[in-house]
Amino acid sequence: MNNWILALIQAALFIIFAPLFAGWIKRVKCWLQNRRPPSLLQPYQDLRRLLSKQVVMSVDASAVFRVAPYIVAAATLLAAIVVPLIAVNLPTTAIADVIVLAGFFALARFFLALAGMDIGTAFGGMGSSREMTISALAEPAMLMAVFTLAMVASSTNLSTVIHYVLADGMVLRPSLLFALLSMLLVGIAETGRIPVDNPATHLELTMIHEAMILEYSGRHLALIEWAAQLKLMLYSVLIINIFFPWGIASELNLVMLSTAIFAITAKLMILGAVLAVSETIMAKMRLFRVTIFLVLALTLALIGILSHIVLEIH
Amino acid sequence: MLTQLPFYQQAILTLSAMILFTSFALLAQSRVVSIIHAFAWQGAMVALTTALVAYDTGLHHLYISAFLTLALKALFIPWLLHRLIRRLGLIRELHTVEHPVMTMMIATSLVIFCYYVAQPIEQFSETITRNTIAISMSVILLGMLMLISRNKAVSQVVGFMSLENGLFFAAISATNGMPMVVELGIAFDVLIAAVIFGVFFFHIRDSFDSLDVSQFHRLSESDE
């Protein structure tokens, strides 16, 4: 029973701190670009402002348009319940494995793309078609990286994988190294960061995610923005906890849990800073270069699997 | 098991995986400068792996091979190629790959093929580098693939040199290196080859106004 409560608390932590993580990345970027950063709580204030506003909707909007924000938010929330944040061995991680997790993300993206096309504006359709192009390439790469993990740990369950990496200690595994690189590239593409998409602009020619949600307003927009922040945090936590799990609580006592909270906060701050630095030094790439970026991710994941088979089994 | 190996042996395996990655990078890169950089990195990693194998086996002559590889493959030949393309005015040249996805798929299947071919050999070996035999064979075959898939002279030369990297790496991983005399001979062969290729670049450009080897069919006399 205690474990279930802890699992709920963990999901609540995801919900509460996702905007803060986005705010932290924005703040580091501002520092790097010599601008005065907004308050760390700015994302919360944005969400509150959107929630209090009235929803404006086109007369042509169908039920899909109205329902999509809720499905996107629900699917992302379910994903957040599955991903271990501060503790492994929670009962919720046994519900779904990594492949189901990829399925949750795909479900959210499918409905977002549908909603983008629903109104029939040019931008929505353009955004949806771009999003689908990118995800059709990013998903195989992500699954390939996940299969590498699954082959190393002989399981697709996140908890088991993290346990395996923890038990291994400091080992230089070529397969995990390449899986990590691949996951980083896929994460950047899936969460729509520079150089694939720019989350901070509404420049019409280049936007992908923003183009799809252009017609949304009020609480619908708040839900979608919050889901995007949650997705960014989910990918970051996935990468951190699979490849650098040291500090995560394997037993559920107060000391280990507080260490785990401290460790994951520090690691998220570092990863956020790294992301901000890479976004500052890189320019957004042309849309047609994104395929090459994702083929690189797929090749890295393939080399990961191959090096596991060739180098690590005997 | 991997976890029971000392750290430098894990590093040997990781480095060999990274050498394989540079081979893929060589196949996919389209800018000449990036091709040369990837080749230099491959040379540096082969040299580092050789040094680690030397440390592991206690064979001191491998340190000399590692040093030669570093000096020639990672520093001198890339520098020479870089100077050549600067003087030929090719610094910003793009050597596009004709069918990038197809090339990648062929490359992946070549690696799998090498794994199957090398598996029986690995069973007879006790050395730590036995698993890297498959990797070194893949580097050789990927170098050959690069020779086939490119039609610009500079990329072909890099492909040839990378093939030689693979041969050297195969010798290291299968038998802990060739005799010193042979290795010195090959090292100087490669050096001379690089210099001669450089001279040839200028000749090819003078005769054809381009380094595109697909124009060589103009050489045949029957073709009017």
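Keeping their order, the protein sequence lines are chains R and X. Its first residue numbered 1, the first sequence is counted upward by one per residue in our numbering. Its first residue numbered 1001, the second sequence is counted upward by one per residue in our numbering. Note that beta-carbon positions come from the ideal geometry of N, C-alpha and C, so glycine has one too.
Backbone CA spacing between residue i and residue j [nearest angstrom]
| i | j | result |
| --- | --- | --- |
| N3 of chain R | V146 of chain R | 26 Å |
| A263 of chain R | K1152 of chain X | 52 Å |
| I239 of chain R | D1209 of chain X | 51 Å |
| E1224 of chain X | R1218 of chain X | Caution is warranted here: a pLDDT of 49 is assigned to E1224 of chain X, below 50, making its placement in the model unreliable, and the coordinate value is therefore given only provisionally. The straight-line gap from Cα to Cα measures roughly 9 Å. |
| L1068 of chain X | I270 of chain R | 40 Å |
| V1195 of chain X | Y1116 of chain X | 37 Å |
| F1201 of chain X | S1030 of chain X | 19 Å |
| A249 of chain R | L1070 of chain X | 45 Å |
| Y70 of chain R | A222 of chain R | 11 Å |
| R286 of chain R | A1025 of chain X | 20 Å |
| S307 of chain R | T1014 of chain X | 9 Å |
| L1020 of chain X | F178 of chain R | 11 Å |
| I1192 of chain X | A1107 of chain X | 29 Å |
| I1035 of chain X | V1158 of chain X | 8 Å |
| A115 of chain R | I99 of chain R | 24 Å |
| V310 of chain R | I1135 of chain X | 8 Å |
| L20 of chain R | G1166 of chain X | 49 Å |
| S58 of chain R | D1212 of chain X | 57 Å |
| M1161 of chain X | V1139 of chain X | 11 Å |
| D1189 of chain X | Y1008 of chain X | 31 Å |
| V1101 of chain X | W24 of chain R | 38 Å |
| T206 of chain R | N198 of chain R | 8 Å |
| N34 of chain R | A1017 of chain X | 40 Å |
| F1124 of chain X | A1170 of chain X | 16 Å |
| L1062 of chain X | Y1055 of chain X | 9 Å |
| L6 of chain R | V88 of chain R | 11 Å |
| L1163 of chain X | T191 of chain R | 39 Å |
| S217 of chain R | F65 of chain R | 12 Å |
Candidates the options: closest to residue i by CA position
| i | options | result |
| --- | --- | --- |
| F14 of chain R | R:I81, R:N34, R:P69, R:A73 | R:I81 |
| A1047 of chain X | X:V1101, X:R1150, X:V1199, X:I1172 | X:I1172 |
| R173 of chain R | R:V152, R:A115, R:G247 | R:V152 |
| L1088 of chain X | X:A1118, X:M1161, X:F1039, X:D1206 | X:D1206 |
| G317 of chain R | R:I281, R:L107, R:T265 | Nothing about residue 317 of chain R can be reported from this structure: the residues present for chain R run from 1 to 314 only. |
| H202 of chain R | R:L214, R:P140, R:I242 | R:L214 |
| Q1156 of chain X | X:T1057, X:L1081, X:Q1009 | X:L1081 |
| V72 of chain R | R:P199, R:A106, R:L90 | R:A106 |
| A12 of chain R | R:A79, R:A108, R:S129 | R:A79 |
| L176 of chain R | R:T191, R:R36, R:I134, R:N241 | R:N241 |
| L101 of chain R | R:S159, R:V64, R:G120 | R:S159 |
Endpoints, alpha helix (DSSP H) assigned at residue i
| i | result |
| --- | --- |
| V185 of chain R | A quick correction: the sequence has Leu, not Val, at residue 185 of chain R. Unbroken alpha helix (DSSP H) run through L185 of chain R: 174-190. |
| W4 of chain R | 2-32 |
| T259 of chain R | 254-281 |
| R35 of chain R | No alpha helix (DSSP H) holds R35 of chain R; DSSP gives it neither H nor E. |
| G103 of chain R | 98-118 |
| V1032 of chain X | 1032-1057 |
| E1122 of chain X | 1100-1123 |
| L151 of chain R | Correcting the residue identity first, residue 151 of chain R is Met in this sequence and not Leu. Segment 122-153, the alpha helix (DSSP H) holding M151 of chain R. |
| S307 of chain R | 290-307 |
| P43 of chain R | 42-52 |
| D1206 of chain X | 1180-1208 |
Sub-9 Å separation of residue i and residue j beta-carbons
| i | j | result |
| --- | --- | --- |
| P38 of chain R | L166 of chain R | no |
| N1176 of chain X | T1132 of chain X | no |
| L10 of chain R | I95 of chain R | It is Gln, not Leu, that sits at residue 10 of chain R in the sequence shown. Result no, Cβ atoms of Q10 of chain R and I95 of chain R do not sit closer than 9 Å. |
| T148 of chain R | A301 of chain R | yes |
| K53 of chain R | E279 of chain R | no |
| V186 of chain R | A138 of chain R | yes |
| L1145 of chain X | L1059 of chain X | no |
| M233 of chain R | M183 of chain R | no |
| V237 of chain R | V83 of chain R | yes |
| F110 of chain R | T76 of chain R | no |
| A1044 of chain X | A1074 of chain X | yes |
| F293 of chain R | P195 of chain R | yes |
| G124 of chain R | M132 of chain R | no |
| E312 of chain R | L1052 of chain X | no |
| L1084 of chain X | G1185 of chain X | no |
| H1099 of chain X | S1149 of chain X | yes |
| S1023 of chain X | Q1042 of chain X | yes |
| L40 of chain R | V277 of chain R | no |
| A1040 of chain X | P1078 of chain X | yes |
- For the stretch 221-234 of chain R against the stretch 44-55 of chain R, are there 3 or more C-beta pairs whose distance is under 8 Å? As far as the Cβ criterion goes, the stretch 221-234 of chain R touches the stretch 44-55 of chain R, which means the pair count is three or higher.
- Query: Within the chosen definition, does the stretch 165-180 of chain R reach the stretch 193-213 of chain R through at least 3 CB pairs nearer than 8 Å?
  - Reply: Counting Cβ pairs under 8 Å, fewer than three are found: no touch.
- Message: Tell me which residues of the stretch 1007-1021 of chain X have at least one Cβ-Cβ distance to chain A shorter than 8 Å, keeping chain order.
- Response: Judged by its chain identifiers, the structure shown contains no chain A, and its protein chains are R and X.
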